[in-house]
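In the numbering used here, the protein residues as written are 256 to 526.
Right, here's the structure in full:
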């Protein structure tokens, strides 16, 4: 089982180039950066959010800086709020990052939760799951077809050319970050190649996933499952290894540079 980290890479903590180098030097398999374009100051969805939510660098730009200054560590968007992006531009950004990194991108995808943020992007929260699915399908068309086209219920793309194509064949892993639930499972089996179960009871969530695979006649081994923010407990990590989990991704708090490095050192003990 691989060990990765995720962190809100902000303008006040260890900066992306140093962050990527430090993570790679410690032997982490991957580093994942969350994103929020902004946080509306009304904060009606959650009035107690910490400031790092609105101090974060653009994740793709930060990962590009890491790509230029590292060699092996995988670079994950953790997660991209796809509904809030133009899918044609996003497809080019992810493909470009995959090329410039030598095929090291993990494309983490999510539906989002901040209704005010979505509204500022013109997104209706009620239809965001369908919108995300169609945007991902459109992006896959751009990645895999020389003359790409797409026709959906909400989006359409006339025959178009777009390069570069990703290095990874047929495209970077598409890792859905979502809790257990019928709609989220529909999305997982529709367009994803991996799953990050956002829940507090991993064992129960994983059993629900296995049952859903059995019901749908799907092979669970075709999905790479990553566990985020596991307990920093050797027994917990060993249990995940025994279950065949793809990777464990530990949260690194967005503290001072020295605090971030100390947290990395603590997590590196599980490598």
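Glycine residues also receive a C-beta, built at the ideal position from the N, C-alpha and C atoms.
Residues near residue i by beta carbon distance below 8 Å, same chain, minus five either side
{"i": "residue 507", "result": "260, 261, 262, 515, 518, 519 and 522"}
{"i": "residue 284", "result": "257, 258, 259, 328, 329 and 502"}
{"i": "residue 273", "result": "512"}
{"i": "residue 423", "result": "353, 358 and 360"}
Alpha-carbon to alpha-carbon, residue j and residue i
{"i": "residue 379", "j": "residue 449", "result": "26 Å"}
{"i": "residue 323", "j": "residue 313", "result": "16 Å"}
{"i": "residue 495", "j": "residue 462", "result": "13 Å"}
{"i": "residue 400", "j": "residue 524", "result": "43 Å"}
{"i": "residue 360", "j": "residue 349", "result": "8 Å"}
{"i": "residue 275", "j": "residue 357", "result": "15 Å"}
{"i": "residue 511", "j": "residue 270", "result": "10 Å"}
{"i": "residue 476", "j": "residue 388", "result": "22 Å"}
{"i": "residue 391", "j": "residue 281", "result": "33 Å"}
{"i": "residue 326", "j": "residue 458", "result": "34 Å"}
{"i": "residue 344", "j": "residue 321", "result": "20 Å"}
{"i": "residue 498", "j": "residue 279", "result": "26 Å"}
{"i": "residue 319", "j": "residue 309", "result": "20 Å"}
{"i": "residue 304", "j": "residue 297", "result": "11 Å"}
{"i": "residue 547", "j": "residue 340", "result": "Not covered by the structure: residue 547. The range shown for the chain is 256 to 526."}
{"i": "residue 526", "j": "residue 373", "result": "38 Å"}
{"i": "residue 382", "j": "residue 438", "result": "12 Å"}
{"i": "residue 434", "j": "residue 491", "result": "20 Å"}
{"i": "residue 446", "j": "residue 395", "result": "9 Å"}
{"i": "residue 277", "j": "residue 413", "result": "44 Å"}
{"i": "residue 478", "j": "residue 266", "result": "34 Å"}
{"i": "residue 307", "j": "residue 268", "result": "10 Å"}
{"i": "residue 456", "j": "residue 436", "result": "13 Å"}
{"i": "residue 460", "j": "residue 451", "result": "10 Å"}
{"i": "residue 421", "j": "residue 369", "result": "30 Å"}
{"i": "residue 393", "j": "residue 493", "result": "39 Å"}
{"i": "residue 367", "j": "residue 342", "result": "16 Å"}
{"i": "residue 336", "j": "residue 469", "result": "29 Å"}
Assigned exposure category for residue i - 16 Cβ within 10 Å defines buried
{"i": "residue 465", "result": "exposed"}
{"i": "residue 353", "result": "buried"}
{"i": "residue 502", "result": "buried"}
{"i": "residue 509", "result": "buried"}
{"i": "residue 332", "result": "buried"}
{"i": "residue 375", "result": "exposed"}
{"i": "residue 489", "result": "exposed"}
{"i": "residue 425", "result": "exposed"}
{"i": "residue 377", "result": "exposed"}
Beta-carbon proximity list for residue i, same chain, < 7 Å, skipping 5 on both sides
{"i": "residue 411", "result": "405"}
{"i": "residue 500", "result": "256, 480 and 482"}
{"i": "residue 334", "result": "289, 363, 364, 365 and 432"}
{"i": "residue 471", "result": "444"}
{"i": "residue 264", "result": "271, 274, 288, 311, 312 and 317"}
{"i": "residue 419", "result": "350, 351 and 354"}
{"i": "residue 473", "result": "444"}
Supposed close pair residue i, residue j - CB separation, criterion 8 Å
{"i": "residue 440", "j": "residue 467", "result": "5 Å"}
{"i": "residue 346", "j": "residue 292", "result": "Their Cβ separation, rounded to whole angstroms, is 18 Å, which puts residue 346 and residue 292 out of contact at 8 Å."}
{"i": "residue 295", "j": "residue 371", "result": "4 Å"}
{"i": "residue 485", "j": "residue 505", "result": "7 Å"}
{"i": "residue 442", "j": "residue 384", "result": "6 Å"}
Beta-carbon proximity list for residue i, same chain, < 6 Å, skipping 5 on both sides
{"i": "residue 386", "result": "338 and 409"}
{"i": "residue 397", "result": "346, 403 and 417"}
{"i": "residue 415", "result": "403"}
8 Å Cβ cutoff, residue i in contact with chain B
{"i": "residue 365", "result": "Given the protein chain composition of this structure (a single chain), no chain B is represented."}
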